[in-house]
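Quick notes on the structure that follows.
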Amino acid sequence: MRILSVVACLVGLAAAPLSAQTQHENTQTAAQNVPVVVELFTSQGCSSCPPADELLTRLAQKEDILALALHVDYWDYIGWKDEFASPAFTRRQKGYAHVGSRRMIYTPQMVIMGYEDVVGANAAAVMDVVSEYRKTPPPVQLQAETSEAEVRLTVTAVQDVEQAVPILVHMVTYEPMQTVNITRGELRGHTIDYANVVEELSVIGTWDGTGEFKVAVPRQSEGKTAFLVQQGSYGRILGALKLD
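All letters in the sequence shown, in the order written, are residues -20 to -1, 1 to 224 by mature numbering (1 follows the signal peptide of the UniProt record, and there is no 0).
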């Protein structure tokens, strides 16, 4: 496990319908596919990370888990620049640490449903937490209608939702599998498969937790797409949906 002190300064997070001939719609709801969200903070420059990367690959194959790999950039200085790393993902990890009153960040770390902090290579601990979340229906339901051009997302509260902070709706785009030959750094000489590599995590709307939230976004031509509903930038995840 590689550890880094938390930096005090956190950065805030800051389509017309198709014709009947071209519009082929599919509806997907959280009732059909209720994923437990597992975020892995990892790095190609971290010698402790491959077991966690392998675990995430296994989790990504489960229908009821949304497994996401967020590559951080703070180990790039030790000889190998992680091509998937983003300062935004480092900020997200620091944000989780700040909200959870943790003084350190580390790799590999898994954050489950925006709240539970687990060492990323500890499969037993990860599955224990996932199993607990599987028992409890999420308070928010997501439904997506997809066409060739766009995704129309509807978010509905099915239980009372705490509104102490703004509720953010995120769109996540990710690549299901990437293979990297690492030639320098702590993992030089290794070829590693990385599952569900996050390319972008962006806020597409803010919701007050009442009524319905609706938004339409362009459909991504490559990779995979998922949606998260989260309390604030780094709070609990209230619901999620991954598109087929």
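For each residue, glycine too, the CB sits at the ideal point set by N, CA and C. Given the structure is predicted, the values throughout are model-derived calculations rather than measurements.
Asked                                                                                                  : Found
Beta carbon proximity, isoleucine 184 to chain D, threshold 8 angstroms                                : Reference to chain D is not applicable here, since this structure consists of a single protein chain.
Presumed contact (8 angstroms Cβ cut-off) between alanine 47 and leucine 39, rounded CB distance       : 4 angstroms
Residue nearest to valine 109 in terms of C-alpha spacing, selected from Thr126, Tyr95, Ser182, Ala220 : Tyr95
Beta carbon of isoleucine 147 nearer than 8 angstroms to that of valine 138                            : no
Proximity winner among Ala175, Arg71, Leu208, relative to isoleucine 184 (alpha-carbon distances)      : Leu208
Bridge partner(s) assigned by DSSP for alanine 105                                                     : DSSP output for alanine 105 lists no bridge partner at all.
Residues that arginine 132 bridges to, as DSSP identifies them                                         : Glu125, Ala196
C-alpha gap between serine 27 and valine 106, whole angstroms                                          : 20 angstroms
Limits of the unbroken beta strand (DSSP E) element including glutamine 158                            : 147 to 162
Member of His51, Asp56, Ser127, Ile172 whose CA lies at the smallest distance from the CA of serine 66 : His51
Best match in Val99, Arg168, Met93, Gly100 for proximity to leucine 221 [C-alpha to C-alpha]           : Met93
Backbone CA spacing between valine 160 and phenylalanine 69 [nearest angstrom]                         : 19 angstroms
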